[in-house]
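Numbering (full-length UniProt numbering) for the sequence shown: 1 to 288.
Following: one structure in structure tokens, then a few remarks.
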Amino acid sequence: MTAIERYAAPQNLDEALGILQQGEVTILAGGTDLMPQTKAGRIAFKPTLMNIGRIAGLKGVTLDGEHLRIGALTTISELLRDPLIAQHAPVLAEACDHFASDQIRNAGTLGGNINNASPAGDTLVPLIVLDAEVELASKPNGSVATRRVPLAEFFTGPGRTKRAANELLTAVRIPLPKPGHVARFYKFGTRPALDISTISIGIAGIKRDGALTEARIAYGAVAATPVRGRSAEAAIEGRRLDDDTIETAANAARDEVSPIDDVRASAWYRKELIHNMTRRMLDHVAHA
Ligand SMILES: Cc1cc2nc3c(=O)[nH]c(=O)nc-3n(C[C@H](O)[C@H](O)[C@H](O)COP(=O)(O)OP(=O)(O)OC[C@H]3O[C@@H](n4cnc5c(N)ncnc54)[C@H](O)[C@@H]3O)c2cc1C
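See the structure below:
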């Protein structure tokens, strides 16, 4: 394991990006993933450990034109209590309500959950169905450069993302929901609380006259990354949510996921859960 040669605690974004630009930096936010992973030897610290916790500009939830902007350092507890999240993205708060314990929620951040890039990360599926994008900042030539990536395209494998080593995830942006917007999240674990997802599902769209448009479906813990359910989405897009449509979508959902067998569940069981829960959630949306 590489020894830490330098500990940095920048006070602002500019300073943090300057440190990142020098290379070989491990970013520390709440540490609830990083510390157990380094202790277990699963990942090694880089020579510089940079604690971003003091950067005030990375905290909190604000309205930014037609978007909700959530700073990367916003904790899971803060998301649960935030009035803007309750008003514009309640499905995210719902997911946070199934997340770990109070102690972990108080320390764990949204940016950490996203960058840890676990296929079972609880905020990822609701954010994907809300069409969230991540904001990445870097300072390649002495001035700050920012780019945005849709969250659905951000993950490249377990623990891997499109973030470059010199970039910091600064915020998540969610378009404000249109009238008629509905969103649901479901997490199944083997215990009712304090459990990693066996599977999770998010569903969203605009409900009008019994039909769903701009349909979004995403699954967690059924592939190497959280994934959009494009076949199930196509099965419901613009159609009345009657029994036939719902069953067709639930079958498409089961057929498009390729989960693995592991200690939490067999692949077969996960596929059945995806089918049954997609059907149940669409039923709820239809009758809401
Ligand atoms: C007991 C326990 C229970 C848990 N339960 C759950 C659960 O129910 N659901 C769930 O989803 N997760 C769970 N977790 C995982 C963890 O708590 C979350 O993923 C948490 O949100 C991580 O945030 P953090 O601030 O602690 O990240 P850290 O551990 O500080 O960082 C995680 C990773 O992200 C990187 N990183 C952090 N912030 C940034 C940034 N702004 N830009 C770029 N890279 C960054 C770090 O370098 C590191 O690689 C649990 C963990 C523990 C220990």
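Idealized CB from N, CA, C, for every residue including glycine.
Computed from a predicted model, the values in this text were never measured in an experiment.
*Looking only at C-alpha atoms, which of L79, T146, G60, R173 sits nearest to A164?*
The shortest C-alpha separation from A164 is found at T146.
*Using only alpha-carbon positions, find the residue among Q21, G238, G220, D243 that is nearest to V257.*
Measuring from the Cα of V257, the nearest candidate turns out to be G220.
_What I want to know is whether the C-beta of D102 ends up closer than 7 Å to one or more non-hydrogen atoms of ligand 1._
The beta carbon of D102 sits no closer than 7 Å to any heavy atom of ligand 1.
*I think V172 touches L110, with their Cβ atoms under 8 Å apart; what is that distance to the nearest whole Å?*
Yes, V172 and L110 are in contact; Cβ-Cβ is about 6 Å, under 8 Å.
*Just the Cα atoms here: how many angstroms apart are V125 and E153?*
Roughly 12 Å separates the two Cα atoms.
*For R279, I'd like the list of residues in its chain whose CB is within less than 6 Å of its CB, leaving aside the five on either flank, ordered along the chain.*
Within the same chain, R279 has close Cβ partners I246, A250.
*May I ask you to report which of helix, strand or coil DSSP gives K207?*
When DSSP states are grouped into helix, strand and coil, K207 belongs to the strand group.
*Report the option in K162, V227, A183 whose CA atom is closest to the CA atom of P90.*
If we check each option's Cα against that of P90, A183 comes out closest.
*Would the C-beta of I4 count as close to ligand 1, meaning under 7 Å from any of its heavy atoms?*
No, the Cβ of I4 stays beyond 7 Å of every heavy atom of ligand 1.
*In terms of residue numbering, what span does the beta strand (DSSP E) encompassing S138 cover?*
For S138, the enclosing beta strand (DSSP E) begins and ends at 133-138.
*Euclidean distance between Cα positions of F45 and D242*: Going by the C-alpha atoms only, they are around 53 Å apart.
_Under 7 Å: does the beta carbon of I163 sit that close to some heavy atom of ligand 1?_
Note on residue identity: the sequence assigns Arg, not Ile, to residue 163. At least one heavy atom of ligand 1 is nearer than 7 Å to the Cβ of R163, so yes.
*Any idea what DSSP makes of V222, helix, strand or coil?*
DSSP places V222 in the coil class of the three-state scheme, outside both helix and strand.
*Cβ of D122 versus every heavy atom of ligand 1: is any distance shorter than 7 Å?*
Yes, Cβ of D122 sits closer than 7 Å to a heavy atom of ligand 1.
*Could you tell me whether any non-hydrogen atom of ligand 1 is closer than 7 Å to the CB of E34?*
What sits at residue 34 in the sequence shown is Leu, not Glu. Yes.
*Taking the alpha carbon of T248 as the point to measure from, which residue in E5, S231, M50, V61 has its own alpha carbon closest?*
T248 has its Cα closest to that of S231, out of E5, S231, M50, V61.
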